[in-house]
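Asker: Below are the structure tokens for one structure; questions will follow.
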Amino acid sequence: MITPCFTCCQTEESLIISIYCPSVRAADVEIHVDETLVSVHINPYFLRLNFSYPLLEDDSSSAQYDPSSGYLTVTLTKENKGQVFDDLDLLAKLLAPRPSVAHPTIEVISESTKQEDEPTAEEYLATKTNALSLEHEREEILAAAKNDWQLPQEVPEPQLSTSLQKYYGFLDIHSGYFRHVAHTENEVNELGPDAETCTRAERRRRRVQHEDKKWDEEHYMADFADDEYIRDLLTWRHPHAQRVDDFQYSEEENATILRLPRKEYLPSSTQTHNLYLALLTLLFSYAYESRTNQLDPTPESAWTISTLVPAFSALDPPDSPAASIADPLKFSWGELAGTFVTSYRRSLAFPLYRSFILAEACRRDVAQFLSGGKRMIVRCLLEMKKILDHHEVYYIYSKVWLDDFCVWVQAHASDDVLVNLGKQVAELQVSKGSIGWRLEALEAATQGLEGRESDSDDDDEDSDDSA
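Shown next, in the form of structure tokens:
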């Protein structure tokens, strides 16, 4: 089945879906409405949309096909007249499957409805088991009281893994993309042929080791001394960093969104927290590439984007352990700083322009992207995806990360969380000392060398004047 191009709009009483399906028979249209779920089938097209509020298929509803334009217009009645349907422009959210019911509904019967009969064998056994459990807890409490309330702790046994295969990508749902990486020209991959079997700890160790190996003090000092071009880059203002009141996706963007996978994501609270952190590294990479090329991609753009994202090059996204997360939708200054330190390090170790002030400008760009909400962020991700999709090797990073991220941001990310996160990123301070490469000492040494060179030039001029 083909997913057709479509748009949605609304009136006070109705929701209108315009579907482009040329060269079809209007008599074959099948429309089914199940509260918030609307299905439209007209061979070879099939469209299933999940709205936020219920709709009705009544006498006021209609479906009209215009063979000259190829558009099928479906008008459905709102169950609650005057109700405003939000996010009708977020196609990925409308196409996302209806959320599954995570937990069954349990009816609790009050004690007053129970009959005073003799307990059954099952009830008798349950009572005895509960009594044993309470007695065991009482013994543990008494033992802890005798030991200054220090409960006994044991080191947990490591879980046995029967496979060397490790998963990676969005929510760790992908594998197999790097099975034949030795036969491709993937200059970004820092794990080599071990990409499919490296543990998370080993990925991080190799990433940090590779960053330290690629760090070049002379390159940094040269860019610090001769920063005229970098200063010009700092004055450029990213068009996506400006607030857009009447935001609309282009036809090309909507076509790309329609080709995205339709999946149901059920992340835990910890995974959701870490997805927002990973999103920061994606946006930083995009900010660096677009700022240094001013939205005019080059043949090196795919390499730059992939290199600067640790989740791409080393399959190592930022993550915070569940024990350290007080609120899944709130972020500490420490973990935000740690996330950006990794991005800063990569921007200072790999690409052409290696400047701390340039990295700071990219962080501020990220804050502006976040303030635009999920619509602006998806636009940034789609532009990254377009660059990677046209590369014969690095397209895999679009498959294992960007496709799912585009869907998740539209369908599940919270605008309030993104805006608040943007405010935190704007106020964040990343110290040069946290990078770990003596940046301040190198800058001071560079300034000292420049001072001595100017003094030498002055001495030569004085000697020429005296002659």
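In our numbering, the protein residues as written are 16 to 482.
Every residue, glycine too, gets a C-beta built ideally from N, C-alpha and C.
Remember, it's a predicted structure, so these values are computed and weren't measured experimentally.
Can you tell me which of D331, N65, P312 puts its alpha carbon nearest to the alpha carbon of L290?
Answerer: D331
Asker: To which residues does DSSP link Q25 through a beta bridge?
Answerer: For Q25, DSSP records a beta bridge to L30.
Asker: Answer yes or no: do L70 and L109 have a C-beta to C-beta separation smaller than 7 Å?
Answerer: no
Asker: Which residue from F327, P59, L52 puts its Cα closest to that of E72?
Answerer: L52
Asker: With a 10 Å radius around its C-beta and 16 neighbouring C-beta atoms as the bar for buried, classify W318 as buried or exposed.
Answerer: Counting every other CB atom within 10 Å of its CB across the protein chains shown gives W318 a total of 16 or more, marking it as buried.
Asker: So the candidates are F384, K447, R453; which of them puts its Cα closest to the Cα of V440?
Answerer: The candidate whose alpha carbon is nearest that of V440 is F384.
Asker: Would you mind sorting T296 into buried or exposed? The rule is 16 or more other CB atoms within 10 Å of its CB.
Answerer: buried
Asker: Given a cut-off of 7 Å on the beta-carbon distance, is the pair P343 and S284 in contact?
Answerer: yes
Asker: Below 7 Å between beta carbons: does that hold for C421 and Y301?
Answerer: no
Asker: The alpha helix (DSSP H) that contains L295, what's its start and end?
Answerer: For L295, the enclosing alpha helix (DSSP H) stretches over residues 284-308.
Asker: What does E45 pair with, by DSSP beta-bridge criteria?
Answerer: H56
Asker: At which residue ranges does the stretch 323-393 contain complete beta strand (DSSP E) runs of 3 or more residues, listed in the order of the chain?
Answerer: Counting only runs of 3 or more, we get nothing.
Asker: Which of the three DSSP states is assigned to D484 in this structure?
Answerer: Not covered by the structure: residue 484. The range shown for the chain is 16 to 482.
Asker: Could you tell me which residues DSSP puts in a beta bridge with A78?
Answerer: V89
Asker: What residue from F193, N65, D101, C23 has the CA that sits closest to A329's CA?
Answerer: F193
Asker: If you drop the 5 nearest sequence neighbours on each side, which residues of the same chain put their C-beta closer than 6 Å to that of L103?
Answerer: C23
Asker: Any contact between the stretch 421-433 and the stretch 271-284? By contact I mean 3 or more CB pairs, one from each, below 8 Å.
Answerer: yes
Asker: Provide the residue span of the alpha helix (DSSP H) that contains R453, from first to last.
Answerer: Element bounds for R453: n/a, residue is neither H nor E.
Asker: Please report the distance separating the alpha-carbon of S347 from that of L436.
Answerer: 10 Å
Asker: Using 8 Å as the threshold, is the stretch 396-406 in touch with the stretch 367-374, meaning 3 or more CB pairs across them?
Answerer: no
Asker: Residues in its own chain within less than 7 Å of A41 by CB, not counting five upstream and five downstream?
Answerer: Exclusion of the five residues before and after A41 leaves Y80 as the residues of its chain whose Cβ lies within less than 7 Å of its Cβ.
Asker: Taking only runs that begin and end inside the stretch 200-233, name each unbroken beta strand (DSSP E) of 3 or more residues, in chain order.
Answerer: none
Asker: Taking the C-alpha atoms as reference points, what is the distance between S240 and Q263?
Answerer: The question names Ser, yet the displayed sequence has Ala at residue 240. Each residue's Cα considered, the two are about 43 Å apart.
Asker: If I measure Cβ to Cβ from E226 and keep anything under 6 Å in the same chain, skipping five residues before and after, which residues do I get?
Answerer: Within the same chain, R360, A364 come within 6 Å of E226 by CB-CB distance, once the 5 residues on both sides are set aside.
Asker: Taking only the alpha-carbon atoms, compute the straight-line gap between P173 and T212 and give it to the nearest angstrom.
Answerer: Any reading at P173 must be qualified, since the residue scores a pLDDT of 48, below 50, and its modelled position is unreliable; the value itself is stated next. P173 and T212: Cα-Cα distance of roughly 18 Å.
Asker: Would you mind working out which of T271, S386, D238 sits nearest S413, comparing C-alpha positions?
Answerer: Of the candidates T271, S386, D238, the one whose C-alpha sits nearest the C-alpha of S413 is T271.
Asker: State the CB to CB distance for the pair F100 and W416, rounded to an integer number of angstroms; the pair is presumed to be in contact (CB under 8 Å).
Answerer: With a Cβ gap of about 30 Å, F100 and W416 do not count as contacting.
Asker: Flag this pair as yes or no: are the beta carbons of P19 and L62 separated by less than 7 Å?
Answerer: Taking 7 Å as the Cβ cut-off, P19 and L62 qualify as a contacting pair.
Asker: For the alpha helix (DSSP H) containing T271, list its first residue and its last residue.
Answerer: 266-273
Asker: Please state the DSSP three-state secondary structure of E94.
Answerer: coil
Asker: Tell me the rounded alpha-carbon separation between P59 and P312.
Answerer: 37 Å
Asker: If we ignore side chains and look at the alpha-carbon of each, how far apart do F299 and F66 end up?
Answerer: 33 Å
Asker: Where does Y192 fall in DSSP's three states?
Answerer: coil
Asker: In three-state DSSP terms, what is L179?
Answerer: coil
Asker: Just to confirm, is the Cβ distance from L294 to P333 under 7 Å?
Answerer: Not closer than 7 Å, so no.
Asker: T88 to S190, Cα distance in whole Å?
Answerer: 41 Å
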